[in-house]
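Structure, as structure tokens:
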Amino acid sequence: MKEKIRSFIAEITFNDSSLIKDDTMIFDEGIFDSMGLLGLINFIESEFNVLAEDSDLQEENFGSVERIVAFIEKKQTQAA
Numbered sequence: 001m002k003e004k005i006r007s008f009i010a011e012i013t014f015n016d017s018s019l020i021k022d023d024t025m026i027f028d029e030g031i032f033d034s035m036g037l038l039g040l041i042n043f044i045e046s047e048f049n050v051l052a053e054d055s056d057l058q059e060e061n062f063g064s065v066e067r068i069v070a071f072i073e074k075k076q077t078q079a080a
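At position 34 of the sequence shown the residue is numbered 34 (the UniProt record's numbering), and the sequence of numbers has no breaks.
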């Protein structure tokens, strides 16, 4: 899951995926902006079959690969 997310981020931001670590703060580092977040949300919803509510759209859920994985796992657990 981490590698899929990392690869997606790298692809749409034209970065080398090896430079995006699990704890890289993708917004603080300037890798992502609000438009990138929309693409990321669409990717997560389609790739991992989870729904991101408006209340979920916080940096604590999407600030790094680690946080994105935790968010997806939490949503998948809630849906089960």
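Even glycine gets a Cβ: it sits at the ideal position worked out from N, Cα and C.
- With fewer than 16 other beta carbons inside 10 angstroms of its own, residue 14 counts as exposed.
- By the Cβ neighbour-count rule, residue 63 is buried, with 16 or more other Cβ atoms within 10 Å of its own.
- The beta carbon of residue 48 lies closer than 6 Å to those of 72 in the same chain, with the five residues before and after it left out.
- For residue 48, the uninterrupted alpha helix (DSSP H) run begins and ends at 34-48, by DSSP.
- The Cβ-Cβ distance between residue 66 and residue 28 does not fall below 8 Å.
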